[in-house]
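Peer 1: Sharing a structure here in structure tokens format.
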Amino acid sequence: MILKGFEDLKRFLEKPKNIVIVGHRNPDGDAMGSSMALKYYLDKKGHQATVIVPNEYPEFLHWLPGADKVYRFDKQNSQSLRLLNASDIVFLLDFNALHRVGFDMQATLEKYKNDFVMIDHHQQPDSVKYMYSDVTICSTSQMVYQFIEMNGDLDLIDPDIASCLYTGIMTDTGSFRFRSTTSSTH
Numbered sequence: 161m162i163l164k165g166f167e168d169l170k171r172f173l174e175k176p177k178n179i180v181i182v183g184h185r186n187p188d189g190d191a192m193g194s195s196m197a198l199k200y201y202l203d204k205k206g207h208q209a210t211v212i213v214p215n216e217y218p219e220f221l222h223w224l225p226g227a228d229k230v231y232r233f234d235k236q237n238s239q240s241l242r243l244l245n246a247s248d249i250v251f252l253l254d255f256n257a258l259h260r261v262g263f264d265m266q267a268t269l270e271k272y273k274n275d276f277v278m279i280d281h282h283q284q285p286d287s288v289k290y291m292y293s294d295v296t297i298c299s300t301s302q303m304v305y306q307f308i309e310m311n312g313d314l315d316l317i318d319p320d321i322a323s324c325l326y327t328g329i330m331t332d333t334g335s336f337r338f339r340s341t342t343s344s345t346h
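Add 160 to the 1-based position in the sequence shown for this note's numbering, that's all there is to it.
Written as structure tokens, this is what we have:
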């Protein structure tokens, strides 16, 4: 497990911030679930969080709470650029390297002037200022749950956050069948 800059990040997030959350290209249930859960959590903490995905996500995930407020970089480019430029920090969820967002969005993120927070469970992550990386965990959604727990905020998990987290965990564990599923997943 890599936990880099967590205490500094906690201090940084003590005051309201404009935050963008980015998932990987062709987002799956874990990318969408973890991103939406984190968005709702950060909003409850007084931040203004927005989710931007590189391109379309599967229609079967359109039911997720708040999915209608997700920006698509490929279709809403000018709005996405405005949100990125106005943000204080960007969370990178469910991917380990910027190339996983596609060429156009990668080029934009490489020019980003502020810091990144990476929360991911894939091998060989890029280095960013703030990082929570653990390849032994089944999903980024479980890691977002643990991030909330590390902040002492489990009481902020409501049905919307829980539904988003559950969607991501179900996706990346194959409905709790894959070997990456552990007792802590449940």
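Built from N, CA and C at the ideal position, the CB exists for glycine as well.
Going by alpha carbons, who is nearest to M330 out of T210, G189, A209 and S247?
Peer 2: It is G189 whose Cα lies nearest to the Cα of M330.
Peer 1: Could you name the residues that DSSP lists as bridge partners for L252?
Peer 2: DSSP output for L252 lists V182 and M278 as bridge partner(s).
Peer 1: How many whole angstroms separate the CB atoms of L253 and T327, which I take to be in contact at a CB cut-off of 8 angstroms?
Peer 2: About 13 angstroms separates the two Cβ atoms, so there is no contact after all.
Peer 1: Considering only the alpha carbon of each residue, which of N237, V295, S287 and A267 lies closest to D275?
Peer 2: Minimum Cα distance to D275 is reached at S287.
Peer 1: With a CB to CB cut of under 6 angstroms and the five nearest residues on each side skipped, what residues in its chain are close to M196?
Peer 2: L224, G226 and C324.
Peer 1: So does the segment 199–219 actually touch the segment 304–317, counting three or more Cβ pairs closer than 8 angstroms?
Peer 2: The answer is yes - the segment 304–317 touches the segment 199–219, with three or more Cβ pairs under 8 angstroms.
Peer 1: Quick one: what does DSSP say T331 is sitting in, helix, strand or coil?
Peer 2: In the structure shown, T331 sits in a helix (DSSP, three-state: H, G or I).
Peer 1: Just to confirm, are V295 and V250 a CB contact at a threshold of 7 angstroms?
Peer 2: No.
Peer 1: Comparing alpha-carbon positions, which option in V213, H281 and G193 lies nearest T107?
Peer 2: Outside the shown range of the chain (161 to 346) lies residue 107, about which nothing can therefore be said.
Peer 1: Assuming V304 contacts R185 under a Cβ cut-off of 8 angstroms, what Cβ separation, rounded to an integer in Å, is found between them?
Peer 2: So it is not a contact: roughly 19 angstroms between Cβ atoms.
Peer 1: Starting from the N-terminal side, write out each stretch of the alpha helix (DSSP H) that is 4 residues or longer and does not extend beyond the segment 202–246.
Peer 2: As far as the segment 202–246 is concerned, its whole alpha helix (DSSP H) runs of at least 4 residues are 237–246.
Peer 1: Helix, strand or coil: which one does DSSP assign to L163?
Peer 2: L163 falls in the strand class under three-state DSSP.
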